[in-house]
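**Student:** Numbered according to mature numbering (1 follows the signal peptide of the UniProt record, and there is no 0), the sequence shown spans residues -24 to -1, 1 to 653. Cβ coordinates follow ideal geometry from the N, Cα and C atoms, glycine included.
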Amino acid sequence: MKSLSLTSLLLALCLHLTPTTLMATEMPGSEEVLIASSLIAASPTPAANASTTLAIHMTPQEGWHGYWKQPGDVGLAPRLTWQLPAGVSVGEPAYPLPETLLIDGMMNNVYGQPYALLAELTIAEDVPLGTLLPIRLEMQYLACRHDACVPERASLQTTLKVGHGEPDPNLAADFARWRQALPKPLATAVTFTRSGETLRLKVPLPASVNIAQPHLFSATRQAIVDAAPQRFERHGDLLMIETQAGPKLGDAFQATLALGHGLGLDLSARHEAGVEGKDEGISTLLLALAGAIVGGLLLNLMPCVFPILSLKALSLARSGASAGTARREAVAYTVGVMAMCMVLGGVLLALRVGGAQIGWAFQLQDPRMILLLLLLTCIIAFNLAGLFELGTINAGAELTNSGGTLGAFWTGVLAAFVATPCTGPFMAAALGTALVLPPLAGMQVFAGLGLGIALPFLLLGFIPALQRRMPKPGPWMATLRHLLAVPMFLTTLALMWVLGQQVSTNQLTATLGCAMLLAFGLWLTGLRQRAMKPAAWLPAVLATLLAIGLGVSQITSGAARPAPPTSEIPFSQAKLAELRAGDKPVFLYFTADWCMTCKVNEQVAIERGATAEAFAEAGVQVMRGDWTNGDAEITAFLAQQGRSGVPLYLWYEPGQGDPQVLPQILGPDTLIEQARP
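Pasting the structure below:
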């Protein structure tokens, strides 16, 4: 099969180099017509000073295909040579929507079913009535299948007579079908931006237009890489398309956008330029950056991050560090936080460019990652509790002879990793914007998130007045350290609960056994440390490796999610459209078991008896989107709303278009007041 495809490729390349010579030469065994063709006129009696439509009807044999006007990586577009009488002209042919054919990594734009090219034939005003019009067409084209390509040619002709332009009633249905297959021109402006090899196209398209399996065909050769992945996102009345720019992309190119169901749009795209567009882009970036910084700052209040931040601060107080040391550790901690946020953001952007429908906190949608984070929080919690001492985990303890900068860096990495499961206030819109910005701008937003997380310790390191306000070192620091183990143990418990929502009971039991094995190894290490024995860390390392190995091998996949309460409807876009067509309000919320903000809102506002009564009285339909294990449909819907994470709360009133976006922090009466008329 590989050799056959290679033969096809070489033949097609030869056709591009010497088409005239090859087309004029009959290939042995090619007497059979592989793509039959005919020339048909919509009206046999076209009127002077008017036009009629000519159809070049093509019928491939089964297994064979012809090519679109821009054939793709391999192939040849039809070559048309018209012979027309005086006073007659013909326009460029219009092509119906093609199909994609991917062979050995090469994308072809083809027709495997009967199709018709339509061209407008225009009669001059001075052509007398009754004049015979012989129309002749010499056509050269390529017929291919998976293992061979054959050049074919056809001599087509028809004779028309100048009359009054009556259409042939026997052909009306055929021409209506052929015209329906043509893509429609998009009147509104289409712009694109380019960042490196990434092309982003902004297509104005009403949100009411249904899209199924879209694809962008470039009519300008090598304006895009035809075989590159294409990513589509809806943002209200704007469709964003992202793909790889081709080597000959200029300031403008022509394209056809297939929407599915046989529908398509012809686009004329121009490079987005001008001061106004640049200013708008800068404003969007600055707003997203500010939201990420403020949102990251608020993440420090999470119970799994606060102990790490507190211990890092207390380590400076304990050591009586100099101003220079405090600044170095603050910078190292900040670099660690920002590096982890940018790594997570970069992986997220790369996966989405590859076609994956994922969003922020994607790492916690895999139960094996939950397991690793659970074991890590166990280690931190037992370390804080004093069970053992391990410098690499001890929140910024001295790791090198030059000071604790390396420890501060890895403390920042850890803090960023455990702080990212949820999107809080200000973060949601910022991260949603980051996913549609050019990659470089998007990475700046993720770096801003890291800066926000690191900001408290950065200020502590660079403002001596804050350092002087810290309590003096003393025995109370050991007590506080042990107390800070409590929220870490609670974090471990919460992760265990999240894992329980994703895996089976047997897998959860195995995870608990791995945690107990890890605790046993840490306890042995603590005993050996207190006895001053060499290689005291060995039991902890062996127990950690064994717990990880056994845990990951047991958790192979997530279990099916339990059904939501009977009063709630599982999210699907089809069901949402059905509910919105009714006469009752719809409350749609997206949640995940690993999202603390989501769980608090559910306890405070959503799952209250008073809320249920208010909803019942107002007839509110409740729909729930569970993103715990990841869901491509939910991810795509979140992206349409400009979000990349949860929570998200939407309220649809009957007969209204866009939903009302409710606050990310819900008060006890927020939903009750919303349900009131």
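If you pair each beta-carbon of the stretch 70 to 77 with each one of the stretch 229 to 243, do three or more pairs fall below 8 Å?
**Tutor:** Short answer: they touch.
**Student:** Which runs of the alpha helix (DSSP H) spanning at least 4 residues fall entirely within the stretch 437 to 479, listed in chain order?
**Tutor:** Those alpha helix (DSSP H) runs which fall completely within the stretch 437 to 479 and span 4+ residues are 440 to 444, 452 to 478.
**Student:** For the alpha helix (DSSP H) holding residue 529, just list the boundary residues, first then last.
**Tutor:** Note, residue 529: alpha helix (DSSP H), 514 to 530.
**Student:** Is it right to say residue 248 is buried, meaning 16 or more other beta carbons lie within 10 angstroms of its own, or is it exposed?
**Tutor:** By the 10 Å Cβ count, residue 248 comes out buried.
**Student:** Quick one: is residue 508 buried, meaning 16 or more other Cβ sit within 10 Å of its Cβ, or exposed?
**Tutor:** Classification for residue 508: exposed.
**Student:** Assign residue 571 to one of three DSSP states: helix, strand, or coil.
**Tutor:** Three-state DSSP puts residue 571 in coil, outside helix and strand.
**Student:** Using the Cβ count rule (16 or more neighbours within 10 Å means buried), how would you classify residue 250?
**Tutor:** The predicted position of residue 250 is uncertain, since its pLDDT is 44 and thus under 50; a value taken from the coordinates is nonetheless stated next. When all chains shown are included, residue 250 counts as exposed.
**Student:** Whose C-beta lies closer than 6 Å to the C-beta of residue 541 among residues of the same chain, with five residues either side of it excluded?
**Tutor:** Caution applies to residue 541, whose pLDDT of 47 falls short of 50 and renders its modelled position unreliable; the model cannot decide the point.
**Student:** If you draw a straight line from the alpha carbon of residue 203 to that of residue 220, how long is it in whole angstroms?
**Tutor:** Roughly 9 Å between the two C-alpha positions.
**Student:** Under the three-state reduction of DSSP, which class applies to residue 87: helix, strand or coil?
**Tutor:** The answer is strand: DSSP assigns residue 87 an E or B state.
**Student:** Does the separation of the CB atoms of residue 164 and residue 182 fall below 8 Å?
**Tutor:** No. Outside cutoff.
**Student:** With residue 610 as the anchor, note down where its alpha helix (DSSP H) starts and where it stops.
**Tutor:** Segment 608 to 616, the alpha helix (DSSP H) holding residue 610.
**Student:** Does the stretch 21 to 34 come within contact of the stretch 79 to 99, defined as at least 3 CB pairs closer than 8 Å?
**Tutor:** Contact holds: three or more Cβ-Cβ distances are below 8 Å.
**Student:** Starting from residue 168, trace the alpha helix (DSSP H) in both directions and tell me its first and last residue.
**Tutor:** Note, residue 168: premise wrong, no alpha helix (DSSP H); beta strand (DSSP E) at 166 to 171.
**Student:** If you draw a straight line from the C-alpha of residue 558 to the C-alpha of residue 119, how long is it?
**Tutor:** C-alpha separation (whole angstroms): 52 Å.
**Student:** For the beta strand (DSSP E) that residue 663 lies in, which residues bound it at each end?
**Tutor:** Residue 663 falls outside the range modelled here, since the chain spans only -24 to 653, and no answer is possible.
**Student:** Which residue wins for smallest C-alpha separation from residue 302, given the options 115, 436, 102?
**Tutor:** Ranking the options by Cα distance to residue 302, first place goes to 436.
**Student:** Taking 6 Å as the limit between beta carbons, can you name the residues of its chain near residue 636, skipping five residues before and five after?
**Tutor:** Correct list, in chain order: 627.
**Student:** Taking just the CA atoms, how far does residue 29 sit from residue 145?
**Tutor:** In a straight line, the C-alpha of residue 145 is about 14 Å away from that of residue 29.
**Student:** Quick one: measure Cβ to Cβ for residue 499 and residue 363, integer angstroms, because I've assumed they're closer than 8 Å.
**Tutor:** Yes, they are in contact, since the Cβ atoms of residue 499 and residue 363 sit about 6 Å apart, within 8 Å.
**Student:** Less than 8 Å separating the beta-carbons of residue 11 and residue 128?
**Tutor:** Yes; because the gap between Cβ atoms is below 8 Å, this pair is in contact.
**Student:** So, using beta-carbon positions, are residue 86 and residue 43 closer together than 8 Å?
**Tutor:** Yes, these two residues count as a Cβ contact at 8 Å.
**Student:** Using C-beta distances below 6 Å, list every residue in its chain close to residue 55, excluding the 5 sequence neighbours before and after it, in chain order.
**Tutor:** Cβ neighbours of residue 55 beyond the five flanking positions: 116.
**Student:** Determine the direct distance from the alpha carbon of residue 513 to that of residue 664, and round the result to whole angstroms.
**Tutor:** The structure shown has nothing for residue 664, since the chain only spans -24 to 653.
**Student:** Alpha carbon to alpha carbon, how far is residue 573 from residue 623?
**Tutor:** Taking the straight line from one Cα to the other gives about 7 Å.
**Student:** Which word fits residue 439, buried or exposed, when buried means at least 16 other C-beta atoms lie within 10 angstroms of its C-beta?
**Tutor:** Exposed, by the Cβ-count rule.
**Student:** Quick check: what's the CA-CA separation for residue 62 versus residue 25?
**Tutor:** Spanning the two alpha carbons is a distance of roughly 13 Å.
**Student:** Taking the Cβ atom as the reference point for each residue, do residue 347 and residue 531 lie within a distance shorter than 8 Å?
**Tutor:** Contact flag set, yes.
**Student:** Does the beta-carbon of residue 589 have 16 or more other beta-carbons within 10 angstroms, so that it is buried, or is it exposed?
**Tutor:** Label assigned to residue 589: exposed.
**Student:** Only counting runs of 3 or more residues, tell me where the beta strand (DSSP E) segments fall wholly within the stretch 204 to 264, in order along the chain.
**Tutor:** Segments of the beta strand (DSSP E) lying fully in the stretch 204 to 264: 207 to 211, 214 to 220, 228 to 236, 239 to 247.
**Student:** Kindly indicate which residue of 548, 487, 307 has the alpha-carbon position closest to the one of residue 471.
**Tutor:** Comparing Cα-Cα distances from residue 471 to each of 548, 487, 307, the minimum goes to 487.
**Student:** Taking C-beta to C-beta, are residue 96 and residue 67 nearer than 8 Å?
**Tutor:** Yes, the Cβ-Cβ distance between residue 96 and residue 67 is below 8 Å.
**Student:** Can you look up residue 566 in the DSSP assignment and give me helix, strand or coil?
**Tutor:** Strand, per DSSP.
**Student:** State the DSSP-derived secondary structure class of residue 150, mapped to helix, strand or coil.
**Tutor:** The answer is helix: DSSP assigns residue 150 an H, G or I state.
**Student:** Could you give the first and the last residue of the continuous beta strand (DSSP E) run that contains residue 11?
**Tutor:** Element bounds for residue 11: 11 to 17.
**Student:** Could you tell me whether the stretch 382 to 396 touches the stretch 313 to 321, using the rule of 3 or more Cβ pairs below 8 Å?
**Tutor:** As far as the Cβ criterion goes, the stretch 382 to 396 touches the stretch 313 to 321, which means the pair count is three or higher.
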